[in-house]
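Asks:
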Ligand SMILES: [Zn+2]
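Quick look at the structure:
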């Protein structure tokens with residue numbers, strides 16, 4: 001964990017299931033990405049059981065049929081989930 005402190009938020013899918021619990025969002029503005037190491041608890045499920053690779057999607061753990069909520073990317077040199085607007089309502093801080 002970095003020393004930067006932000007605002008702790010819970011992020012939900014379009015159907016309001018919790019997907020990221022206690023995300024430490026640093027900086028104000030629209031939520032576009034979620035850094036992996038700033039999530040307290042991740043409730044998503046990966047595209048492949050074998051592990052997540054860059055570009056893979058992650059899904060809400062509850063939605064049926066599965067709802068893609070983000071994809072794994074490298075952003076500013078850190079692993080981050082790039083939020084899919086089709087799976088997560090607009091979130092601002
Ligand atoms: Zn859901």
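In the working numbering, the protein residues as written are 1 to 93.
Where is the CB? At the ideal position from N, CA and C, for every residue including glycine.
#1: Within this structure, are the beta carbons of residue 81 and residue 71 separated by less than 8 Å?
#2: With a floor of 3 residues, list each beta strand (DSSP E) that falls wholly inside the segment 6–83, ordered by position along the chain.
#3: Pick from 79, 83, 65 and 6: whose alpha carbon is nearest that of residue 52?
#4: Contact check, residue 12 vs residue 83 under 8 Å by CB: the rounded distance?
#5: I'd like to confirm something about residue 62: is its beta-carbon nearer than 7 Å to some heavy atom of ligand 1, or not?
Replies: On the basis of the supplied data:
#1: yes
#2: 7–12, 18–25, 33–35, 39–42, 44–46, 57–60, 68–75 and 78–83
#3: 79
#4: Not a contact, Cβ separation roughly 12 Å.
#5: yes
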